[in-house]
Ligand SMILES: N[C@@H](CCC(=O)N[C@@H](CS)C(=O)NCC(=O)O)C(=O)O
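In my numbering, the protein residues as written are 123 to 460.
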């Protein structure tokens, strides 16, 4: 008996010290009074500032959701705009607490950067945009084309694979920022611009005559885009992971920005666990009981954020497709709160 309780005591102590040792990021963020979030420098729908410096977008909402969960205040975020090339160093150096910037989850990024992906905010794939005047209807008609692309991206690598795999020649013209690549494409320096399909829709809005350009039907890769955190802080990993899961679960349960207070009074078991009237799920994350309600009141559930930023309620008007919930024909699926 003694032995068992000693083992138990040791196990509990080890568990606690592991928690304490790994709890640094949350403490740092709280002490600073502000979350530092790395985002794309200006991709409409995902992360872009208006002329007053107010950031909006699906990637931005992940940052605001985390700030709401911690501070009950979605404005307590410093947004750090990062180019594709600089994004990982900013995370590694500690300049940002997380990266929430149309970043594709790949094996090498997951293993070699000292960081972890926390989930998928947007299931995407790579596509091409061309001027309609070129009269090209398929990417397979792009033999000998010149292609504008951004450096430091998976886009560059997929482009090479696709042309090689289809025995086609091409000339790559690479740029450090999306704006440069798009301007070069628009001015006629290249026949084609390629990036994630979501990026094509977003960048198309910046063109002088969007209707003169067509997105080709081929999607040549898988680009699961999601947030990243540094290795070595499992509590923080959980908080970032479960902020997105909270948004997805809230959509599934029908908790919206508007009805959140009403839903907080529900007596359905699943709902009670989500809103914090049963169990201590928020506390297990190092947050408060009402963590999920704070997130949803601040940015809405996943579907609301999607619609407002990139979907039917936005200029991008992207259909939910793969990003619909698993029980509505898509593949967004969050583990249960229990
Ligand atoms: N998902 C790809 C591409 C991400 C990416 O950086 N896309 C560009 C093109 S849309 C972008 O967001 N650029 C923003 C900028 O540099 O202004 C990756 O993770 O490598």
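We put the beta carbon where it would ideally sit given N, CA and C, even for glycine.
The C-alpha of residue 389 lies about 13 angstroms from the C-alpha of residue 375.
DSSP places residue 405 within a helical segment (H, G or I) once states are collapsed to three. If you keep only unbroken alpha helix (DSSP H) runs of at least 4 residues inside the stretch 179–265, you get 180–193, 209–214, 229–234. Counting only residues of its own chain and dropping the five nearest sequence neighbours on each side, residue 360 has a CB closer than 7 angstroms to the CB of 407. Annotated three-state conformation of residue 297 is strand, per DSSP. Under the DSSP definition of a beta bridge, residue 352 partners with 237. The beta carbon of residue 205 sits closer than 7 angstroms to at least one heavy atom of ligand 1.
Segment contact: the stretch 222–230 against the stretch 163–181, three or more CB-CB distances shorter than 8 angstroms; contact assigned.
Within the same chain, and ignoring the five residues on either side of residue 278 in sequence, the residues whose Cβ sits closer than 6 angstroms to its Cβ are 271. Collapsing the DSSP output to three states places residue 339 in coil. With a cutoff of 7 angstroms, residue 300 counts as near ligand 1, since its C-beta is closer than that to a heavy atom of the ligand.
Using a Cβ distance threshold of 8 angstroms, residue 251 and residue 347 do not count as a contacting pair.
Contact between the stretch 404–423 and the stretch 187–206 is present: three or more C-beta pairs spanning the two stretches fall below 8 angstroms.
At a Cβ-Cβ threshold of 8 angstroms, residue 370 and residue 456 count as neighbours.
With contacts defined as CB atoms closer than 8 angstroms, residue 227 and residue 210 fail to qualify as a contacting pair. In this structure, residue 319 sits away from residue 377, with a CB-CB distance that is not shorter than 8 angstroms.
Under the DSSP assignment, residue 272 falls in the beta strand (DSSP E) whose first and last residues are 267–272.
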